[in-house]
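Take the working numbering: the final residue in the sequence shown is number 311, and no numbers are missing along the way.
Everything on this sheet refers to the single structure shown next.
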Amino acid sequence: MTFDRIVDRIERSGEIPTIGPVATEVLRLAGDPDADFRAVGQTIVRDPALAARVLRVANSPFYGVRGEVGTVDRAVALLGLAETRNIVLSVSVIRDFSGTLGENGFDWERFWEHSSGVGLIAQALTRLLRLPLGGYEYSAGLLHDVGKILLGHHFPEEFARALERAREAGIPLEQAEQEVFRTDHARLGDWLAGRWSFPEPLRDGLAWHHHPAQAGNHRVLASVIQVADALAKAKCIGFGGDHMAVCLGDTEGWGVLAEERPELAEVDLARFTFQLDEEVDAARRLLREARGT
């Protein structure tokens, strides 16, 4: 297989995942500094099921908003554009992708738990280090492994083989994917993000989360995702397909962040990772709310 052949097969199948026109428009508006909250709210209510789920998530204990949030406009005003974008993406992706998962024995419930956890840990890291990432860190964390869905749906046998190869050889899943597919989920995630017209920071966060130093202007975002992914694995938040132990200090992203924030050397990692227990619980709650379960 090659990347071009894989993409050609996906395109010819007519089964390319979509996040829907409403979520796409919300994503565009949230990235527009001149957009107003009402325009975002009016866009969301065009999808009644999505609007209802957004209100449910906005009223969940996760966000701790005082008083009931009764309208989408108020939810957007209280939560802000970046957080609204995160909710809409969470709900849309998890809802709309539920029917596109391959029958290969992979635990997709735990996959989404891991993905949500990476997004939440990325937010926590961004707050801790005071990084100006434009609110993209959660979305990039949630979707960093979205390419695995393409592989699992369109190539279930081969993807199962890659999962088994990673387990038996004790190698990263992306390395096993390269052996089986001659490409990996990060490149396919970038391709899919291009189809969705994602903004450049978000695309680069997906494309380079395994090699963040190569992400150019967005290497800090990609580094946050790699570090958040490593922490999620260390805390056993869900399962993304890797069985390897992760040493945080050895990740490329940690080095990039240390250059960006020299004070990182003073961060109490043991204390911080202990605090991530709250993020584990939050990831599970948010996943349940997004799925409506």
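Glycine included, C-beta positions come from ideal geometry on N, C-alpha and C.
- In this structure, the CA atom of F55 is about 18 Å from the CA atom of Y81.
- The DSSP-derived three-state label of L151 is coil.
- Rounded to the nearest whole angstrom, the CA to CA distance from A70 to I105 is 12 Å.
- The straight-line gap separating the alpha-carbon atoms of L146 and F115 is approximately 32 Å.
- Between V238 and P219, the alpha-carbon positions lie close to 10 Å from each other.
- Here the alpha carbons of G258 and P230 stand approximately 19 Å from one another.
- Between the C-alpha atoms of A225 and E197 there is a straight-line separation of about 18 Å.
- Counting every other CB atom within 10 Å of its CB across the protein chains shown gives F124 a total of 16 or more, marking it as buried.
- Taking C-beta atoms as the reference points, V136 and L210 fail to come closer than 8 Å.
- A direct Cα-Cα distance of roughly 12 Å separates A180 from H261.
- Taken through DSSP and simplified to helix, strand or coil, S215 comes out as coil.
- A straight-line Cα-Cα distance of about 8 Å links V83 and L96.
- DSSP places S134 in the helix class (H, G or I) of the three-state scheme.
- Put simply, the stretch 261–278 touches the stretch 241–250. At least three CB pairs are less than 8 Å apart.
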